[in-house]
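A.B. asks: So the mapping is simple: the numbering used here equals the position in the sequence shown, first residue as 1, plus 4.
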Amino acid sequence: MEDREQIYSKRVRAGKRTYFFDVRSTRSNDYYLTITESRRHPQGDGFTYEKHKMFLYKEDFDKFVEALKEAVDHVKTELMPEVDFSQFESKGDEVDVVGESDLKWD
């Protein structure tokens, strides 16, 4: 599937990984989200990137966000309650937004 026009992009740097949250448009002027994990690996004198991409469509947005929140909350409260997760909060230079728009998901 060929990537369509990119409407919005948010990059999150996380150690050796970078996550990209990209809003793209379809031919029929609908929108979907791609979530890409990119990991850099040394290769020879340079680097190679291993990428994993997931497509998320509007009818699944709410279910996905709810399941993600439940899973993260379970880890934080049930499996690792002693960990202070605020120590991992992002710093301003770790998140970049490209193509900010007033796009709303109704």
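For each residue, glycine too, the CB sits at the ideal point set by N, CA and C.
Please read these numbers as outputs of a predicted model, since none were measured by experiment.
Smallest Cα separation from E9: which of K67, N33, H78 and P46?
C.D. replies: Here residue 9 corresponds to residue number 5 of the sequence shown, with the count starting at 1. Here the closest residue by C-alpha is N33.
A.B. asks: Pick out whichever of S29, Q91 and Y53 has its Cα sitting closest to the Cα of L3.
C.D. replies: Within the shown structure, residues of the chain are numbered from 5 to 110, placing residue 3 beyond reach of any answer.
A.B. asks: For the beta strand (DSSP E) that D26 lies in, which residues bound it at each end?
C.D. replies: As a first step, residue 26 must be located in the sequence shown, where it is residue number 22. Start and end: R21 to S29.
A.B. asks: Spatial neighbours of P85 within its chain, please: C-beta separation below 7 Å, excluding the five flanking residues on both sides.
C.D. replies: To locate residue 85, count along the sequence shown from 1; it is residue 81. Counting only Cβ-Cβ distances below 7 Å, and skipping sequence neighbours, we find nothing.
A.B. asks: Do you know offhand how far K55's Cα is from I39's?
C.D. replies: Along the sequence shown, one-based indexing puts residue 55 at 51. Along the sequence shown, one-based indexing puts residue 39 at 35. Going from the Cα of K55 to the Cα of I39 covers about 10 Å.
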